[in-house]
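**Q** Residue numbers (my numbering): 309 to 553. I am attaching a structure below and will ask some questions about it afterwards.
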Ligand SMILES: C[S@@+](CC[C@H](N)C(=O)[O-])C[C@H]1O[C@@H](n2cnc3c(N)ncnc32)[C@H](O)[C@@H]1O
C-alpha cells in the first residue's frame, strides 16, 4: 500500500483524505485571499503571470492556504464522485499538494524543453500548474472520462495549447515524455504494468520519474534521488539509453 513518505500516513489507496487540504478545504479560504487569487487568475489568463513570477506569488501565500488559493486561481470546483468501474488497483481522485508540485518543478528540474506527463491526472491541476510554472509542454492521462472533460475545460479556459489530456488507462497506452509524474495513481499489478510502460520509454530516451507518496524500491532499473520535499522521490534509470535509441 502506498504511504506518504513525508508523514507516513496511508496514501490515497487507503484513504480519500490523507492530506486534508486543497479543494477539500476551499470553503475555509477567507474573502481577501479569494479576491487575490481571482486577481491573479486574470493575470494568468492574460499570459502576464507565469514562471518565476507565479512561483513567487504562490510562495507569498501562507503555507496552509496555498492549495485552496490554487483551486481558486484555476477555478477548480469539487470533483464529481469517482466512477464505480475503476479497475482493481486504481486509486480514486485526490489532488496532490501544491508544495509537492513546486518541488517537482524545482528539483527534477522541469523547464520549457521538457514534456511532463501526469499519469492519473484527475482534474488536471498538476498538468496546468506545472505548465504555468515552467513553460513545459504537459499532458495528463486519466482513466475517468468526467475528470478528463473537466481538465480539458480548465486548460481551454486559459487558452493553454501546450497542455493536453487523454482519456486512457496509463497501463495500456503508449507513453512518451521526459518527466513522468505519479501521485500514487494505482497499486499492485496495475502499477507494475505502468512501470513497464515507463521502462519502454526509458529504453528510448532519458526520463525522470517524480513519485509523490509512492516509493518504487523494488524496481531494479531505477535509482532514487532525494529531494527538497519529504513526500517526493525522483527516480532515474540506472543505465542511460544508447545514442539513437
Ligand atoms: C491520487 S489521484 C491523483 C490526481 C492528480 N495526479 C493530482 O495529483 O491532482 C489518482 C488519479 O489516477 C487516476 N487513475 C488511477 N489509475 C489509473 C490508470 N491506470 N490510468 C489512468 N488514470 C488512473 C484516478 O482516476 C485518479 O484521478
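Every residue, glycine too, gets a C-beta built ideally from N, C-alpha and C.
Short of 6 Å in beta carbon distance, which residues of its chain neighbour residue 626, apart from the five on each side in sequence? Order them along the chain.
**A** Nothing in the structure corresponds to residue 626, since the chain is present only between 309 and 553.
**Q** Can residue 507 be considered in contact with ligand 1, in the sense that its beta carbon sits closer than 6 Å to one or more heavy atoms?
**A** It does not: the Cβ of residue 507 is nowhere closer than 6 Å to a heavy atom of ligand 1.
**Q** May I have the straight-line CA-CA distance separating residue 443 from residue 412, to the nearest angstrom?
**A** Roughly 14 Å between the two C-alpha positions.
**Q** Below 8 Å on the Cβ atoms is my guess for residue 435 versus residue 419; work out the distance and round it to an integer in Å.
**A** With a Cβ gap of about 16 Å, residue 435 and residue 419 do not count as contacting.
**Q** Have a look at residue 482 and residue 404 and give me their C-alpha separation to the nearest angstrom.
**A** C-alpha separation (whole angstroms): 24 Å.
**Q** Would you tell me roughly how many angstroms separate the C-alpha atoms of residue 550 and residue 512, rounded to the nearest one?
**A** Spanning the two alpha carbons is a distance of roughly 8 Å.
**Q** Does at least one heavy atom of ligand 1 sit under 6 Å from the Cβ of residue 481?
**A** No, the Cβ of residue 481 stays beyond 6 Å of every heavy atom of ligand 1.
**Q** With DSSP run on the structure shown, which of helix, strand or coil describes residue 428?
**A** Note: residue 428 maps to coil in three-state DSSP.
**Q** Taking only beta-carbon positions, decide if residue 439 is within less than 7 Å of chain C.
**A** Of the protein chains in this structure there is only one, and it is not chain C.
**Q** Of the residues 538, 376, 445 and 455, which one's Cα is nearest the Cα of residue 394?
**A** Looking at the Cα atoms, 455 is the closest of the given residues.
**Q** Report buried or exposed for residue 343, applying the criterion of at least 16 other Cβ atoms within 10 angstroms of its Cβ.
**A** By the neighbour-count rule (16 or more Cβ atoms within 10 Å), residue 343 is not buried but exposed.
**Q** Relative to ligand 1, is the shortest distance from any of its heavy atoms to the C-beta of residue 403 smaller than 6 Å?
**A** Correct: residue 403 has its Cβ closer than 6 Å to ligand 1.
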